[in-house]
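Worksheet: the structure to be examined is printed underneath.
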Amino acid sequence: MLKTPRRAARRHLAVVTVASAAIALSACAPTDEADSGSDSGSGTSESSESEAPAADECTPDAMQTVADGTLTIATDDPAFEPWFVDNDPTNGKGYESAVAYAVAEQLGYTQDQVAWVKVPFNKVVQPGPKDFDFDVNQVSITEARRKAVDFSSGYYDVVQALITNKGSAIDGATSIADLADAKLGAQVGTTSYTAITDQIQPSVDPAVFDTNDQAVQALKNGQIDGIVVDLPTAYFMTAVQLDDGVIVGQLPLPDGEPEQFGAVLAKDSPLTDCVSSAVDTLREDGVLDQIGQEWLAQQGAPELS
Amino acid sequence: MSELLRLDGVRKSFGDHVVLREVDLTVEPGQCVVLIGASGSGKSTLLRCVNLLEVVDDGVITFEGRDITDPRVDGDEVRSQMGLVFQSYNLFPHLDVIGNVTMALRLVHGVGADEARTRGTAMLERVGLAAKAQARPDDLSGGQQQRVAIARALVANPRLMLLDEVTSALDPELVGEVLDLLTDLKAEGVTMLLNTHEMGFARDVADQVCFLHDGRIHERGRPEQVLGDPREERTRTFLSRIRAS
Amino acid sequence: MTDQVDTAWQPSGVQRERDEWRRRRTIRSAAIAAGSTLLLLVVVGGVVVSSPGWERVKETYFDWDKAVSSFPAVLEGLWLNIRVMALCAVLIVALSLTIAVMRTIRGPVAFPLRLVGTAYVDIFRGLPLLLVIFLLGFGGPALSLSGLPTSALFWGCAALVLSYSAYVAEVFRAGIESVHPSQRLAGRSLGLTYGQTLRHVVLPQAWRRVIPPLMNDLVSLQKDSGLIAVLGVVDAIRAAQIETAIDFNYTPYVVAGFLFCCLTIPMARLTDRYARRKGYHGAGGHL
Chain G
198 MLKTPRRAAR
208 RHLAVVTVAS
218 AAIALSACAP
228 TDEADSGSDS
238 GSGTSESSES
248 EAPAADECTP
258 DAMQTVADGT
268 LTIATDDPAF
278 EPWFVDNDPT
288 NGKGYESAVA
298 YAVAEQLGYT
308 QDQVAWVKVP
318 FNKVVQPGPK
328 DFDFDVNQVS
338 ITEARRKAVD
348 FSSGYYDVVQ
358 ALITNKGSAI
368 DGATSIADLA
378 DAKLGAQVGT
388 TSYTAITDQI
398 QPSVDPAVFD
408 TNDQAVQALK
418 NGQIDGIVVD
428 LPTAYFMTAV
438 QLDDGVIVGQ
448 LPLPDGEPEQ
458 FGAVLAKDSP
468 LTDCVSSAVD
478 TLREDGVLDQ
488 IGQEWLAQQG
498 APELS
Chain P
794 MSELLRLDGV
804 RKSFGDHVVL
814 REVDLTVEPG
824 QCVVLIGASG
834 SGKSTLLRCV
844 NLLEVVDDGV
854 ITFEGRDITD
864 PRVDGDEVRS
874 QMGLVFQSYN
884 LFPHLDVIGN
894 VTMALRLVHG
904 VGADEARTRG
914 TAMLERVGLA
924 AKAQARPDDL
934 SGGQQQRVAI
944 ARALVANPRL
954 MLLDEVTSAL
964 DPELVGEVLD
974 LLTDLKAEGV
984 TMLLNTHEMG
994 FARDVADQVC
1004 FLHDGRIHER
1014 GRPEQVLGDP
1024 REERTRTFLS
1034 RIRAS
Chain X
195 MTDQVDTAWQ
205 PSGVQRERDE
215 WRRRRTIRSA
225 AIAAGSTLLL
235 LVVVGGVVVS
245 SPGWERVKET
255 YFDWDKAVSS
265 FPAVLEGLWL
275 NIRVMALCAV
285 LIVALSLTIA
295 VMRTIRGPVA
305 FPLRLVGTAY
315 VDIFRGLPLL
325 LVIFLLGFGG
335 PALSLSGLPT
345 SALFWGCAAL
355 VLSYSAYVAE
365 VFRAGIESVH
375 PSQRLAGRSL
385 GLTYGQTLRH
395 VVLPQAWRRV
405 IPPLMNDLVS
415 LQKDSGLIAV
425 LGVVDAIRAA
435 QIETAIDFNY
445 TPYVVAGFLF
455 CCLTIPMARL
465 TDRYARRKGY
475 HGAGGHL
């Protein structure tokens, strides 16, 4: 007798719990972002804009930067040479630092109106909102990445190179075929990694690292035979980081198309056009070449056949 | 000396609490010596000291003419010559009955597995549990477990059996089967030193009864005398309390 | 205690009525429970599927084609996880048992052993696993000690073994100390040495008691085996990460997660069943 009211109360409680759970769940259904809801995986890439934006759209007042009146630029930590110097992007030294400040100047920002943030490489190329206006970190422009982020025009033509220790198994290799049994390493998610798996295709699975520093450590330990990385970084690694480092050679361009580094912006960022046109202007005016000559003393490397 | 076991002035204390003050005791071969006394009087401690599970604070224990309280003596070897049966049986739950019984034979006495099994089975038959050889201790009743414990202690033919209140944890109707077994052992000539509250058993089977009180053997003698007509006042008080309950 | 089977007894009318009522009520309760659970699942499922972001969530995390295409790579990575786990588990049990025994030996003579055991446990429980992996994985080969391999796999496994043994040693120690002292006394009273008692009486009981926490650590090891990916080896998660980096579809992560669960859940259920069948759960209360 006593049990019936209590049991009924328990049942009511159960019903109420279920109902409120359902309501709560529907309340937190993901909201749709303005335009990309209907995008499916096979989105066509947007080619760089055909018309340059008007000059007054790309000024500190008009641009919708993350922080008002300040241009926030991102790079990784540590920032590698020769792209930056002393891991300090603010000193304007190094190719990418110089290019970044040149772009800022082009857009009308003074040096004090430029702020730097540190963002790991892996995070930069993921889709999602960004804490910066654009990122310079040796990021190659690829179609796949365009699905997740925007790119400015390319500011540097990339060449992948292979480095090793002097006297190692692959020291002196002259062709891709010589690398068939090599244990190579690269940073995860980079075009360098893709170069190993698609171009070199060694029989041994490549080693994959979170950062280039760890790849260098592994090379020093003899745990891998060589690292694939862009040519200027290869110079830095062999000259400074490795005791007996040597560049084996550069890889031929995949399908003959030049790979380029571009500044990374959030997808559909309103700043993309401005930054792109700034880079284009710098290229036309020969400023990129100048900066390149100052910071990238390339003696060139033999091309592996 | 013909005696099997001799205690001289044995003293044992735990911290500030003195349990055994000055115990003198003698056990002849084939004898059954029964210790009686109140709980906490030190009966279990005494047995454990004899079995070298406790280190005495003073005094000498002589076993088969050897001073076993000498620190240079190998305690394991001495213990392998004695059999100790606990109040709470302490069978090994992860082994079956035959495994319990044969463990010491195999590991301590170097008996081969087959022979150990034969002897173990024979011992189980002797205690009436041959049918339970493959059973787990948990599946047996208290009386059965205690009989297995006795078999385990007995199978290596120890010179001396030490039994610590082996029926105190049993239901009344199971006590009988264990006491019957002990009576049989006595008849076979097994030397026993045991604690018990079972006065009837003591009277029937014991050669000597010792009343332990305040860390000393307060009174000792034939069972008819100590149990029937005790000389000491304390003994009388103790026995009357036992009978009254 | 044999009961005599009473074949003559049949339940009375009253009892039959009671049984019938209980049976009906059980069926009704079961039906309500099943029905309401099903209803809840349908409601929740419906709410989720009809929400506006569902399409995008589905294609980002549950893309079937991507799952199929990334499956081989993730599975191959998982094979590494399994091998690392199996090898390390064996070594961990051996080392941790040694440490646990070292910590539980009594007597002043064993003081140095106890000290070493305690220091080992303190140090390796104090160091984060990832730190140990970095230290050994990158620092170990840098010492260039002749005779020791430089492979990342070797040092990564060494790091896992050293780190996990500290935790598992404590589990074993708890098991050893939970065996009632009377068991040890019983063993000694038979003439067994300290070592024999430990090996034949205490340890067999100890390890059976700690099967649940041991399984816990084994499952944890299975996941942590992937941490050696920082040294360059490609395990399931790294393989998923590589697949993901191609087109930013995160389905490979879901695939990897699913595969890990497929490994863990049967392992855990099998162990439970084995322990229950052997009666380990009930073995504790006897003495």
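Residue numbers (the numbering used here), protein chains in the order written: chain G, 198 to 502; chain P, 794 to 1038; chain X, 195 to 481.
For glycine and all other residues, C-beta sits at the position ideal for the given N, C-alpha and C.
Specify, as a first and last residue, the run of the alpha helix (DSSP H) that residue i falls within.
i	result
residue 993 (chain P)	992-998
residue 248 (chain X)	248-255
residue 842 (chain P)	836-843
residue 351 (chain G)	Here residue 351 (chain G) belongs to no alpha helix (DSSP H); instead the beta strand (DSSP E) covers 346-355.
residue 262 (chain X)	258-298
residue 318 (chain G)	318-321
residue 464 (chain X)	445-472
residue 412 (chain X)	405-418
residue 151 (chain X)	Past the boundaries of the shown model lies residue 151 (chain X); chain X is included only from 195 to 481, so the question cannot be answered.
residue 425 (chain G)	Per DSSP, residue 425 (chain G) belongs to no alpha helix (DSSP H); it is in the beta strand (DSSP E), 423-427.
Cutting at 6 angstroms between CB atoms, please list the residues of its own chain near residue i, excluding the five before and the five after it.
i	result
residue 461 (chain G)	321, 332, 336, 346
residue 988 (chain P)	828, 836, 957, 958
residue 257 (chain G)	266, 305, 306
residue 909 (chain P)	895, 898, 899
residue 383 (chain G)	389, 390, 393, 425
residue 154 (chain X)	For residue 154 (chain X) there is no data in the structure shown, the boundaries of chain X being 195 and 481.
residue 840 (chain P)	955, 957
Taking its Cβ as the centre, do 16 or more other Cβ atoms sit within 10 Å of residue i, making it buried, or is it exposed?
i	result
residue 338 (chain X)	exposed
residue 903 (chain P)	exposed
residue 925 (chain P)	buried
residue 335 (chain X)	buried
residue 487 (chain G)	exposed
residue 377 (chain X)	buried
residue 456 (chain X)	exposed
Please work out which residues of its chain come closer than 8 angstroms, Cβ to Cβ, to residue i, disregarding the five sequence neighbours upstream and downstream, and give them in chain order.
i	result
residue 262 (chain G)	268, 269, 330, 468
residue 308 (chain X)	296, 297, 299
residue 472 (chain X)	402
Hey, out of the options, whose CA is closest to residue i's CA?
i	options	result
residue 364 (chain G)	G:478, G:402, G:443, G:405	G:443
residue 444 (chain X)	X:259, X:226, X:205	X:259
residue 830 (chain P)	P:889, P:812, P:797	P:812
residue 881 (chain P)	P:919, P:937, P:1031, P:839	P:937
residue 361 (chain G)	G:414, G:489, G:400	G:414
residue 474 (chain G)	G:494, G:300, G:492	G:300
residue 352 (chain G)	G:334, G:254, G:359	G:334
residue 355 (chain G)	G:388, G:383, G:344, G:368	G:388
residue 403 (chain G)	X:436, X:238, X:418	X:436
residue 325 (chain G)	G:494, G:465, G:420, G:493	G:465
residue 994 (chain P)	P:798, P:820, P:816, P:826	P:826
residue 1014 (chain P)	P:999, P:1007, P:1026	P:999
residue 845 (chain P)	P:867, P:833, P:857	P:867
With residue i as the anchor, note down where its beta strand (DSSP E) starts and where it stops.
i	result
residue 317 (chain X)	Per DSSP, residue 317 (chain X) belongs to no beta strand (DSSP E); it is in the alpha helix (DSSP H), 305-320.
residue 478 (chain G)	Segment 469-481 is the alpha helix (DSSP H) holding residue 478 (chain G); no beta strand (DSSP E) there.
residue 211 (chain X)	Where residue 211 (chain X) is concerned, there is no enclosing beta strand (DSSP E), although the alpha helix (DSSP H) it sits in stretches over 207-244.
residue 815 (chain P)	810-820
residue 865 (chain P)	Segment: none, residue 865 (chain P) is in no beta strand (DSSP E) and carries neither H nor E.
residue 1002 (chain P)	1001-1006
residue 315 (chain G)	311-315
residue 897 (chain P)	Residue 897 (chain P) -> not in any beta strand (DSSP E); alpha helix (DSSP H) instead, spanning 890-900.
residue 801 (chain P)	798-807
residue 254 (chain G)	Careful: residue 254 (chain G) lies outside any beta strand (DSSP E) and carries neither H nor E.
Starting from the C-beta of residue i, find all residues in its chain whose C-beta is less than 7 angstroms away, skip the five residues before and the five after it, and write them out in chain order.
i	result
residue 449 (chain X)	261, 264, 265, 268, 434
residue 287 (chain G)	313
residue 303 (chain G)	475, 478, 479
Quick one: is the Cβ of residue i within less than 7 angstroms of any heavy atom of the ligand MG?
i	result
residue 389 (chain X)	Annotation note on the ligand MG: not contained in the displayed structure, which lists no ligands.
- prompt: So, do the segment 346-363 of chain X and the segment 283-295 of chain X have three or more beta carbon pairs nearer to each other than 8 angstroms?
  reply: The segment 346-363 of chain X is in contact with the segment 283-295 of chain X.
Original post:
At a cut of 8 angstroms, does the segment 835-855 of chain P reach the segment 803-818 of chain P through at least three beta carbon pairs?
Top reply: yes
| said: Can you confirm whether the segment 372-389 of chain G touches the segment 475-484 of chain G when touching is taken to mean that 3 or more C-beta pairs between the two stretches lie within less than 8 angstroms? | reply: Touching, no.
How do the segment 376-384 of chain X and the segment 860-879 of chain P stand: do at least 3 beta-carbon pairs fall below 8 angstroms, yes or no? yes
* To do: Mind checking the segment 322-338 of chain G against chain C and listing, in chain order, the residues whose C-beta falls within less than 7 angstroms of any C-beta there?
  => No chain C appears in the structure shown, which is made up of the protein chains G, P and X.
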